[in-house]
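Working notes, beginning with the structure itself.
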Amino acid sequence: MRALCWNGVNDLRVETVDDPELVNPHDVIVQVRLTTTCGSDLHFIDGYLPGMREGDVFGHEFMGEVVDVGPEVTDTRVGDRVVVPSFIGCNSCWYCDHDLYSVCDTTNPNAELQQAVFGYPTGGIYGYTHPFGGYQGSHAQYIRVPFGDVNCFTIPDGITDEQALFLSDAVPTGLMGADFCDIS
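Sequential numbering of the sequence shown, starting at 1, is according to full-length UniProt numbering.
Have a look at this one:
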């Protein structure tokens, strides 16, 4: 498949990379229909955030169509149009049980790297450096979504792909900012 890869500070290239595969029984593979670049991506593109490796696929704002599901996926189906949040939750740790998916302590296998750099860990994030889990990102034709039943939200009829895309990160970020500022 084709993907946009980081190859050093300010060095992005479209390359041929391996298609993602189902790794765990709760994984889903999504064919990316739309993806967009977040302003926070600029922090590692220009080298401000450490942890990118040559060939990493970046991007964490996307929507698409489910093309494969693992044997333990029960609610998400092949053919579903889905939007996926940027943070990866497991739905079984203490944080996810309290709707704090962004600090899931299951989905970031590199939490100790993040703890050392930032002072605290978060959950995994697609395409956002190895301290954030090292997951391949959405600027590709396909992406593996761990815990598919938790992280894939089916898009209802009547909502366009373009409208759904903003629900992955841009709208939640704005709503969180408004909430922090007590704006109603």
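Using N, Cα and C, we set each Cβ at its ideal position, and we do this for glycine too.
{"Item": "Between the CA atoms of residue 14 and residue 145 - distance to the nearest angstrom", "Value": "21 angstroms"}
{"Item": "When 122, 113 and 81 are compared against residue 162, the one with the closest alpha-carbon", "Value": "81"}
{"Item": "Inter-stretch contact (C-beta, 8 angstroms, three-pair minimum) for the region 94 to 103 and the region 53 to 71", "Value": "no"}
{"Item": "Residues that DSSP places opposite residue 16 in a beta bridge", "Value": "2"}
{"Item": "Simplified DSSP state of residue 141, which is helix, strand or coil", "Value": "coil"}
{"Item": "Burial state of residue 61 (16 or more Cβ within 10 Å)", "Value": "buried"}
{"Item": "Where the alpha helix (DSSP H) through residue 44 begins and ends", "Value": "42 to 45"}
{"Item": "Beta-carbon contacts of residue 79 that lie in its chain and below 8 angstroms, excluding the five residues immediately before and after", "Value": "65 and 66"}
{"Item": "Straight-line gap, residue 27 to residue 75 (C-alpha atoms, nearest Å)", "Value": "12 angstroms"}
{"Item": "Assigned exposure category for residue 165 - 16 Cβ within 10 Å defines buried", "Value": "buried"}
{"Item": "Selection from 48, 25 and 44 that minimises the alpha carbon distance to residue 73", "Value": "25"}
{"Item": "Anticipated Cβ contact below 8 angstroms, residue 133 with residue 125, distance rounded", "Value": "6 angstroms"}
{"Item": "For residue 85 and residue 151, believed in contact at Cβ under 8 angstroms, the rounded distance", "Value": "6 angstroms"}
{"Item": "Reduced DSSP category for residue 35 - H, G, I as helix; E, B as strand; rest coil", "Value": "strand"}
{"Item": "Residue 207 versus residue 178 - alpha carbon distance", "Value": "For residue 207 there is no data in the structure shown, the boundaries of the chain being 1 and 184."}
{"Item": "Rounded straight-line distance, which links the Cα of residue 34 to that of residue 1", "Value": "15 angstroms"}
{"Item": "Identity of the residue in 106, 70 and 128 nearest residue 6 by Cα", "Value": "128"}
{"Item": "Inter-residue Cα distance where the pair is residue 29 and residue 88", "Value": "14 angstroms"}
{"Item": "Inter-residue Cα distance where the pair is residue 184 and residue 121", "Value": "30 angstroms"}
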